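Enquirer: One structure, as structure tokens, below. Some questions next.
2 protein chains.
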Amino acid sequence: MIPKRAICLLSGGLDSATCLAIARHDGFENYCLSFDYGQRHRLELEAAARVAEHLKAAEHKIIAIDLRAFGGSALTSDMDVPKQRSAAEMGNGIPVTYVPARNTIFLSFALAYAEVRNASDIFIGVNAIDYSGYPDCRPEFIEAFERMANLATKAGVEGRSRISIRAPLIRMSKSDIVRAAIALGVDLSLTHSCYDPDPQGRPCGHCDSCLLRRKGFDEAGVSDPALK
Amino acid sequence: MIPKRAICLLSGGLDSATCLAIARHDGFENYCLSFDYGQRHRLELEAAARVAEHLKAAEHKIIAIDLRAFGGSALTSDMDVPKQRSAAEMGNGIPVTYVPARNTIFLSFALAYAEVRNASDIFIGVNAIDYSGYPDCRPEFIEAFERMANLATKAGVEGRSRISIRAPLIRMSKSDIVRAAIALGVDLSLTHSCYDPDPQGRPCGHCDSCLLRRKGFDEAGVSDPALK
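Top line first, the protein sequences correspond to chains A and B.
The opening position of the first sequence corresponds to residue 0 in numbering that gives the first Met the number 0, with each subsequent residue numbered one higher.
The opening position of the second sequence corresponds to residue 0 in numbering that gives the first Met the number 0, with each subsequent residue numbered one higher.
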């Protein structure tokens, strides 16, 4: 039997690694997609490559896109990454680490990849519970993207198949995600989440991404193997 | 009074040039966006730069994206571009010149650019009458993209403004487009439409794009200044 194929967006962080492990557990043959988008460091892409290999992806592509051409985000410019924000601050408004239309752009490339590889499903590790307040992490965005995708593609028009956008983490807490990753055998020491690591690649411990990750491990009652 | 800002997708062809002229006529200050996506020739991008200058765009950005990484289209690989297809053939199925998810990707970048420049409108010169049968040129796709875009962005979430995706050519025939371009003073000798020009940059005259362009000029009863 030919396995169903999925495109998995893979940043190399905790969430996308867990999402890929869920896709694998669901029986998909996985085609992973990462982006070199002018983020401040290459560690994310190295982590993504390690995770793709660890979780037996059929293919891993890295697409270079120049989001710096537009500016507008602390992750793709020389703005400071904010530190030590409380949960209330993260829940209140959209931070400067937001990259304009990033998930829309990433999912659009995943849609192209899905068409070329005849994949029926696209997995994205967005999360609307313990998150930074980005608009493109919400369930209503994912649903609207799926609807659009089915009007945009050959398969949709010819009635051959439907594209499903799957966001299995969207209603999970960070500790749920840590527990799911461990249950699925993900080696979390391979993942990298920090927005602003030091020159040796160690996580800063204070950006939104580090704080959310620590909260997840703390609440799950396990230590973070990436900090050893 | 501060003029309204629009992002205009600009390929350098007849349709996108006319679309930009309509945006200008409607009073928008225009931020043009073109893509270097591994198309077979650079003439499109040179034409886009000439058209942006001619129609007084406030800015013109060219974003490099590697659609060749996926393959799957005659426009981004070494497949042959089909020639001399009839209108019936063009209306029947999706041709090999279709680039997977291309308009979805292009509009996603336009959405990022709109967020950064505070533009309220995105213009795209798609056409669902005299066209090649691409799924992402249809009104229902444009509407679904607009709906998704308003869930994807800061402005949408914060209720500050709505993004409108405008496709003013979508129900026009090619001859309507030629007539509109002439009425708006567009110098059509600057535009380039061919998928497969010769080494000197002359249009092949036989690809879908050349055939549709010729039909438009013929039906409008004017000669094509780009063929002189």
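The beta-carbon is built from N, C-alpha and C at its ideal position, and this holds for glycine as well.
Values in this document were obtained by computation on a predicted structure and should not be read as measured data.
1) Starting from the beta carbon of serine 107(B), find every residue of chain A whose beta carbon is closer than 7 Å, and list them in chain order.
2) Taking CB distances under 8 Å as the criterion, tell me whether phenylalanine 122(B) reaches chain A.
3) Under a three-way DSSP split, which group does serine 10(A) fall into?
4) Can you list, in chain order, the residues of the region 187-203 of chain B whose Cβ is nearer than 9 Å to any Cβ on chain A?
5) Give a yes or no on whether the C-beta atoms belonging to tyrosine 30(B) and alanine 56(B) are separated by under 8 Å.
6) Which chain B residues sit within Cβ distance under 8 Å of methionine 147(A)?
7) Per DSSP, which one or two residues make a beta bridge with isoleucine 61(A)?
8) Between which two residues does the alpha helix (DSSP H) holding serine 208(A) run?
9) With a cut-off of 8 Å, do at least 3 Cβ pairs link the region 209-226 of chain B to the region 181-191 of chain B?
10) Could you please give the first and the last residue of the uninterrupted beta strand (DSSP E) stretch that includes isoleucine 123(B)?
11) Quick one: Cα of valine 50(A) to Cα of aspartate 197(B), how far?
12) Among Ile162(A), Ala180(A), Arg161(A), which residue has its Cα nearest to the Cα of leucine 168(A)?
13) Is it true that the region 100-107 of chain B meets the region 206-215 of chain A, where meeting means three or more beta-carbon pairs spaced less than 8 Å apart?
14) Can you check which of these residues, Arg178(A), Leu183(A), Ala182(A), Lys173(A), is closest to cysteine 209(A) by C-alpha distance?
15) State the Cα-Cα distance for the pair leucine 42(A) and glycine 200(A), rounded to the nearest angstrom.
16) Around the C-beta of glycine 12(B), are 16 or more other C-beta atoms found within 10 angstroms, so that it is buried, or is it exposed?
17) In whole angstroms, give me the CA-to-CA distance for phenylalanine 122(A) and leucine 183(B).
18) Using the Cα positions of serine 119(B) and glycine 26(A), report the straight-line distance between them to the nearest angstrom.
19) Compile a chain-ordered list of the residues in the region 204-227 of chain A whose CB is closer than 7 Å to at least one CB of chain B.
20) Quick check on alanine 148(B): does DSSP put it in helix, strand or coil?
21) How about valine 98(A) and leucine 66(A): do their beta carbons lie closer than 8 Å?
22) When you compare the CB of leucine 110(B) with every CB in chain A, is at least one pair closer than 8 Å?
23) Using 7 Å as the cut-off, classify the Cβ of valine 98(B) as near or not near the heavy atoms of the ligand GTP, replying yes or no.
24) Does DSSP put isoleucine 128(B) in a helix, in a strand, or in coil?
25) Ends of the beta strand (DSSP E) at arginine 137(B)?
26) Just checking: is the beta-carbon of arginine 137(B) within a distance shorter than 8 Å of some beta-carbon in chain A?
27) Leaving out the 5 sequence neighbours to the left and right, which residues in its chain are closer than 7 Å to lysine 153(B) when beta-carbon positions are compared?
28) Could you check if isoleucine 1(A) is buried or exposed, using at least 16 other CB atoms within 10 Å of its CB as the buried criterion?
29) Mapping the DSSP letters down to three states, classify arginine 165(A) as helix, strand or coil.
Expert: Short version:
1) Listed along chain A are Ala100, Thr103, Ile104, Ser107, each with a C-beta nearer than 7 Å to that of serine 107(B).
2) So, not an interface residue.
3) Per DSSP, reduced to three states, the secondary structure at serine 10(A) is coil, with no helix or strand assignment.
4) Here the close residues number zero.
5) The answer is yes: Cβ separation under 8 Å.
6) In chain order: Thr103, Phe140, Ala143, Phe144, Arg146, Met147.
7) Partner residues in the beta bridge of isoleucine 61(A), as assigned by DSSP, are Ser33(A).
8) Start and end: 207-219.
9) Between the region 209-226 of chain B and the region 181-191 of chain B there are three or more inter-stretch CB-CB distances shorter than 8 Å, so the stretches are counted as touching.
10) DSSP places isoleucine 123(B) outside any beta strand (DSSP E), giving it a letter other than H or E.
11) Near 45 Å, if we compare the C-alpha coordinates of aspartate 197(B) and valine 50(A).
12) The option with the nearest alpha carbon to leucine 168(A) is Ala180(A).
13) Fewer than three beta-carbon pairs drawn from the region 100-107 of chain B and the region 206-215 of chain A are found closer than 8 Å, and the two stretches are therefore not classed as touching.
14) When each option's Cα is compared against that of cysteine 209(A), the closest is Lys173(A).
15) Cα-Cα distance, rounded: 7 Å.
16) The C-beta of glycine 12(B) has 16 or more other C-beta atoms within 10 Å across all chains shown, which makes the residue buried.
17) Computed Cα separation, rounded: 46 Å.
18) When rounded, the distance between both Cα atoms is 43 Å.
19) For the region 204-227 of chain A, the set of residues with a beta-carbon nearer than 7 Å to any beta-carbon of chain B is empty.
20) The three-state secondary structure of alanine 148(B), taken from DSSP, is helix.
21) Judged by their CB atoms, valine 98(A) and leucine 66(A) are nearer to each other than the 8 Å cut-off.
22) Closer than 8 Å: yes.
23) Here there are no bound small molecules, and the ligand GTP is not part of this structure.
24) Isoleucine 128(B) falls in the coil class under three-state DSSP.
25) Neither: arginine 137(B) is in no beta strand (DSSP E) and is coded neither H nor E.
26) For arginine 137(B), the answer is yes, since a Cβ of chain A falls inside 8 Å of its Cβ.
27) Excluding residues within five positions, the ones whose Cβ falls inside 7 Å are Glu114.
28) Exposed: under 16 other Cβ atoms inside 10 Å.
29) The three-state reading of DSSP puts arginine 165(A) in strand, counting E and B together.
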